[in-house]
Amino acid sequence: QLAVAAKKAQDVVDDTTAAPAPGLTKPLADMMGNWDNFSFAPIRESTVSRAMTSRYFTDLHTHAESDIAIIGAGSCGLSAAYTLSKLRPDLRIALIEAGVAPGGGAWLGGQLFSAMVLRKPADVFLRDVGVPFEDEGDYVVVKHAALFTSAVLERVLRSGNVKMFNATAVEDLITRPCADGEGGIRVAGVVTNWTLVAMHHGDQSCMDPNTINAPVVISTTGHDGPFGAFSVKRLVSMKRLEELEGMRGLDMLRAEDAIVKNTREVVPGLIVGGMELAEIDGANRMGPTFGAMLLSGVKAAEEALRVFDL
Ligand code: AHZ
Numbered sequence: 014q015l016a017v018a019a020k021k022a023q024d025v026v027d028d029t030t031a032a033p034a035p036g037l038t039k040p041l042a043d044m045m046g047n048w049d050n051f052s053f054a055p056i057r058e059s060t061v062s063r064a065m066t067s068r069y070f071t072d073l074h075t076h077a078e079s080d081i082a083i084i085g086a087g088s089c090g091l092s093a094a095y096t097l098s099k100l101r102p103d104l105r106i107a108l109i110e111a112g113v114a115p116g117g118g119a120w121l122g123g124q125l126f127s128a129m130v131l132r133k134p135a136d137v138f139l140r141d142v143g144v145p146f147e148d149e150g151d152y153v154v155v156k157h158a159a160l161f162t163s164a165v166l167e168r169v170l171r172s173g174n175v176k177m178f179n180a181t182a183v184e185d186l187i188t189r190p191c192a193d194g195e196g197g198i199r200v201a202g203v204v205t206n207w208t209l210v211a212m213h214h215g216d217q218s219c220m221d222p223n224t225i226n227a228p229v230v231i232s233t234t235g236h237d238g239p240f241g242a243f244s245v246k247r248l249v250s251m252k253r254l255e256e257l258e259g260m261r262g263l264d265m266l267r268a269e270d271a272i273v274k275n276t277r278e279v280v281p282g283l284i285v286g287g288m289e290l291a292e293i294d295g296a297n298r299m300g301p302t303f304g305a306m307l308l309s310g311v312k313a314a315e316e317a318l319r320v321f322d323l
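For the sequence shown, full-length UniProt numbering begins at 14 and goes up steadily by one.
Here it is in structure tokens:
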């Protein structure tokens with residue numbers, strides 16, 4: 014199956030890897046001023062439907078067995094997906110995002126402002142992705158948070174081995190008994206539903222979910238809120254974590270180091286990164302400074318590979 018997927022990836026036409034030249038390409042420039050003779054190539058509606066559904070259901074079929082599943086495509090989940098796609102293009106990765114729009118809180122720098130502030134050494138990640146920034150000494154500034162998010166998203170989506178299922182909510186975790194003989198569990202995948210379906214369990218009966226098996230799951234669902242802190246809350250309800258400490262007040266200096274330091278495998282097979290971690294450990298929030306999200310994503314990817322290769 015991987016060979017088929019790799020062949021498909023080779024067949025994708027990609028003429029946009031080189032830096033774009035200034036001005037429009039000739040075919041596009043030639044189109045301008047000639048709109049009276051313009052018409053699109055013909056198509057039948059069913060062709061459009063089949064073009065989408067065949068690909069989507071092939072992706073669902075292929076990723077029902079994934080190597081790594083990432084829950085949440087915010088700044089941390091996207092950074093983890095980017096790192097994994099670069100380090101291990103041979104792995105099959107499912108990135109599951111509840112929202113229609115991936116990116117979580119990283120479309121704005123803070124409040125409704127544009128610029129994104131990141132403390133060093135998070136600039137190494139920006140350099141790797143190729144996101145431009147202004148160097149202000151101890152910190153760097155990306156002129157718009159959306160520039161960061163769209164650049165990482167583009168790299169992840171272009172990669173041959175990450176499939177993003179957006180508008181898809183993780184509703185539960187797949188678990189298996191641990192071989193430890195002490196009643197422990199390991200996480201072995203995720204239970205999913207289209208988010209619009211997940212939102213209607215209260216008024217429609219029995220809309221059973223779908224599943225993705227994966228020996229390693231990275232959860233980056235953000236701090237508590239309508240959707241956030243999903244996996245750690247589920248671990249409490251399954252009595253695998255005693256209780257959540259709850260995210261503490263804002264302290265940029267402490268919060269960012271703590272999130273990167275605490276990024277880890279919380280129960281076998283489940284790595285937690287980003288602000289979801291603050292709910293377990295009672296870490297401070299950092300507010301509008303994003304370095305820890307990126308580097309927690311890198312560390313979560315590293316941990317996932319360690320667990321995967323065990
Ligand atoms: O939609 C959620 C968001 O895109 C998604 N998500 C949450 N629950 C999910 C579920 N299934 C699928 N059950 C789910 N997806 O997870 C993403 C979380 O992104 P985020 O930006 O909220 O979290 P993050 O940890 O990547 O970044 C946190 C950014 C923050 S919050 C903060 C503060 O409050 O102090 N500071 C920063 C930098």
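We treat Cβ as the ideally placed atom computed from N, Cα and C, and that holds for glycine.
Each residue's CA atom was taken as its position, placing Gly85 and Lys133 some 24 Å apart.
Taking C-beta separations shorter than 6 Å and ignoring five residues to either side along the sequence, the partners of Gly197 in its chain run Cys191, following chain order. At least one heavy atom of ligand 1 sits closer than 7 Å to the Cβ of Arg298. A distance criterion of 7 Å places the beta-carbon of Glu316 beyond contact range of ligand 1, judged by its closest non-hydrogen atom. Taking the Cβ of Gly87 as the reference point, at least one heavy atom of ligand 1 falls within a distance shorter than 7 Å. Take Ser92, set aside five residues on each side of it, and the residues of its chain with a beta-carbon closer than 7 Å to its own are Phe138, Val165, Met306, Leu307, Gly310, Val311, in chain order. Listed in chain order, the beta strand (DSSP E) elements of length 3 or more contained wholly in the stretch 176 to 205 are 181 to 190. Shown here, Val311 sits in a helix according to DSSP, grouped into three states. For Ile106, the three-state secondary structure derived from DSSP is strand. Relative to the non-hydrogen atoms of ligand 1, the Cβ of Thr234 comes within a distance shorter than 7 Å of at least one. Along the length of the stretch 48 to 83, whole alpha helix (DSSP H) runs at least 4 residues long occupy 58 to 76, reported in chain order.
Put simply, the stretch 108 to 128 touches the stretch 72 to 91. At least three CB pairs are less than 8 Å apart.
In this structure, the beta-carbon distance from Ala180 to Arg189 does not fall below 8 Å. According to the DSSP assignment, Asn226 belongs to the beta strand (DSSP E) that extends over 223 to 226. In this chain, Val144 is not harboured by any beta strand (DSSP E), its DSSP state being neither H nor E. Inter-segment contact for the stretch 69 to 85 and the stretch 145 to 164 is absent: fewer than three beta-carbon pairs are separated by less than 8 Å. In the DSSP assignment, Gly46 falls outside any beta strand (DSSP E) and carries neither an H nor an E.
Leu125 sits exposed, since fewer than 16 C-beta atoms from the chains shown fall within 10 Å of its C-beta.
A Cβ-Cβ separation of about 5 Å places Leu283 in contact with Val230 under the 8 Å criterion. Counting the other Cβ atoms within 10 Å of the Cβ of Thr38 gives fewer than 16, which makes it exposed.
Distances from the CB of Ala119 to the heavy atoms of ligand 1 include at least one below 7 Å. Per DSSP, the continuous beta strand (DSSP E) segment holding Gly262 begins and ends at 261 to 263. Straight through space, the alpha carbons of Arg140 and Gly36 are spaced by roughly 26 Å.
Of Trp48, Gly295, Phe303, the smallest CA-CA separation from Tyr152 is found for Phe303. Of all alpha-carbon atoms in Ala77, Met251, Glu78, Ala296, the one lying nearest the alpha-carbon of Leu266 is that of Ala296. Rounded to the nearest whole angstrom, the CA to CA distance from Arg319 to Ala82 is 15 Å.
By DSSP's assignment, Leu283 forms a beta bridge with Val230, Val280. Straight through space, the alpha carbons of Leu254 and Val204 are spaced by roughly 20 Å.
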